[in-house]
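Novice: First, the structure itself, so that you have it in front of you.
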Ligand code: CA
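In my numbering, the protein residues as written are 9 to 239.
So, in structure tokens, the structure goes:
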């Protein structure tokens, strides 16, 4: 399905330039010659993006932008504002107007296309998988790389974080030092299994609950108990 774009622009030359260029690039381009028509189209049909001229007779781009943002069905509709006033740029993408990006006149259609593509790329990029783990007062958020313990935020090194995350996701399993080295430090790591012990000691020191819950299994490695042991 080609992306559906709405161009709201009162200047015929610019409107036609955009229409032809985007059509040639494979987009489904719709046009509106004035603000009212544009707003009506944008609220009645579903578009993937709007190219919106700021200076329009009667209903201007700013009002259209605000209006679209205020409706649930178009609140997230990407809007690129086209403006002849370079000094307006900051306000356009700021909170005040709520556009996603802006282009200043005069522009080349290629430049507009690049902006449009950038917005679509941004939208299509999958969000980092958000995983939250909790264990005996530890709350770990892997997407934000944040950790709290008993409600207080803590900072960990990236290896400590990965190690803790690995223990939390493998509760009840005995994990050998070799497995941990490979999983956390990678196969190319030349350190010794002592590295694991040092990091485990750090974790136990930082999170009291791990003193009894993260147990050493003699000759094998470590195991995080499925039920946190009260300390
Ligand atoms: Ca205009």
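Here a beta-carbon is modelled for each residue, glycine too, at the ideal position from N, C-alpha and C.
Computed from a prediction, not measured in an experiment: that's the story for all the values here.
#1: Examine ligand 1 and report whether any of its heavy atoms sits within less than 8 Å of the Cβ of residue 17.
#2: Among all the DSSP beta bridges, which residues are the ones paired with residue 231?
#3: Rounding to the nearest angstrom, what Cα-Cα distance links residue 172 and residue 130 in this structure?
#4: With contact counted as at least three CB pairs below 8 Å, one residue from each stretch, are the stretch 21–37 and the stretch 69–82 in contact?
#5: Can you find a CB in chain B that lies within less than 9 Å of the CB of residue 174?
#6: Measure the beta-carbon distance from residue 245 to residue 228 and round it to whole angstroms, keeping in mind my assumption that it falls under 8 Å.
#7: Which word fits residue 91, buried or exposed, when buried means at least 16 other C-beta atoms lie within 10 angstroms of its C-beta?
#8: For residue 27, is the classification buried or exposed, using 16 other Cβ atoms within 10 angstroms of its Cβ as the cut-off for buried?
#9: Going along the chain, which residues of its own chain have a beta-carbon closer than 8 Å to the beta-carbon of residue 193, five neighbours each way excluded?
#10: At a cut-off of 8 Å, would you count residue 64 as near ligand 1, judging by its Cβ distance to the nearest heavy atom?
#11: What's the gap between the Cα of residue 11 and the Cα of residue 39?
#12: Suppose contacts are defined by Cβ-Cβ distances below 9 Å. Is residue 222 in contact with residue 214 by that definition?
#13: Just to confirm before moving on: does the CB-CB distance between residue 58 and residue 88 stay below 9 Å?
#14: Tell me whether residue 45 sits in a helix, a strand or coil according to DSSP, three-state version.
#15: Can you check the stretch 17–63 for any alpha helix (DSSP H) of at least 4 residues that lies completely inside it and give the ranges in chain order?
#16: CB of residue 21 to nearest heavy atom of ligand 1: below 8 Å?
#17: Return the CA-CA distance between residue 121 and residue 184, expressed in angstroms with no decimal places.
Specialist: With the given structure in hand:
#1: yes
#2: 182, 223
#3: 31 Å
#4: no
#5: In the displayed structure, chain B is absent; only one protein chain is listed.
#6: There is simply no residue 245 to check, as the chain begins at 9 and stops at 239 in what is shown.
#7: buried
#8: buried
#9: 167, 199, 203
#10: yes
#11: 14 Å
#12: no
#13: yes
#14: helix
#15: 20–32, 43–52
#16: no
#17: 54 Å
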